[in-house]
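Below: the structure, in structure tokens.
Numbering (our numbering), first residue to last: 8 to 150.
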């Protein structure tokens with residue numbers, strides 16, 4: 008797949024657009040990214056939910072709402088990570104356009120909240136101690 012091998016960003020902007028079922032569960036994930044120093048941008052409903060929770064977020068238009076929109080922001084390198092959980096026909100069309108732009112421009116795109124939470128944890132872990140490379144033979148060598 009074209010999307011394989013993308014690296015998670017260490018900073019920048021995270022675009023968030025969640026379906027109505029996921030919006031409230033996105034709040035703690037957004038908090039994690041903000042704590043890591045990321046800016047949050049998103050579509051109107053998601054931004055409203057985040058702002059109601061006291062989180063800063065910048066609104067972008069959906070693809071179906073006109074231009075400039077989130078796909079334009081991806082193309083202009085203003086988005087470094089995408090969290091998009093579409094639900095419904097219009098959302099799937101927008102989601103397809105978002106994921107296509109993400110692949111074309113090398114932006115990682117996550118489509119589940121569990122994946123988004125894992126990404127935040129991975130970024131936090133990578134900022135800590137560097138992983139140590141150990142040969143498997145050495146790891147299992149008897150003392």
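Ideal Cβ placement from N, Cα and C applies to all residues, glycine included.
Cut-off 6 Å between Cβ atoms - residues of its own chain near residue i, not counting five sequence neighbours on either side
i: residue 38; result: none
i: residue 56; result: 30
i: residue 16; result: 87, 88
i: residue 65; result: 48
i: residue 94; result: 26
Same chain, Cβ closer than 7 Å to residue i, five either side skipped, listed in chain order
i: residue 76; result: 67, 68, 69, 70
i: residue 18; result: 44, 45
i: residue 123; result: 36, 90, 117
i: residue 130; result: 15, 17, 43
Strand pairing of residue i, partner residues [DSSP]
i: residue 116; result: 89
i: residue 24; result: 91
i: residue 76; result: 68
i: residue 110; result: According to DSSP, which records beta bridges pairwise, residue 110 is partnered with nothing at all.
i: residue 49; result: 23, 66
Residue closest to residue i, alpha-carbon to alpha-carbon, out of the options
i: residue 59; options: 30, 132, 105, 17; result: 30
i: residue 84; options: 62, 148, 22, 12; result: 22
i: residue 63; options: 74, 143, 42; result: 42
i: residue 134; options: 40, 36, 24; result: 40
i: residue 74; options: 101, 57, 56, 61; result: 101
i: residue 105; options: 78, 128, 148, 129; result: 78
i: residue 72; options: 52, 57, 130; result: 52
i: residue 28; options: 120, 61, 144, 50; result: 120
Expected contact under 8 Å - CB spacing of residue i and residue j to nearest Å
i: residue 89; j: residue 80; result: That pair is no contact at about 10 Å.
i: residue 127; j: residue 36; result: 6 Å
Proximity of residue i and residue j at Cβ, strictly below 8 Å
i: residue 13; j: residue 115; result: yes
i: residue 48; j: residue 20; result: yes
i: residue 26; j: residue 92; result: yes
i: residue 112; j: residue 82; result: yes
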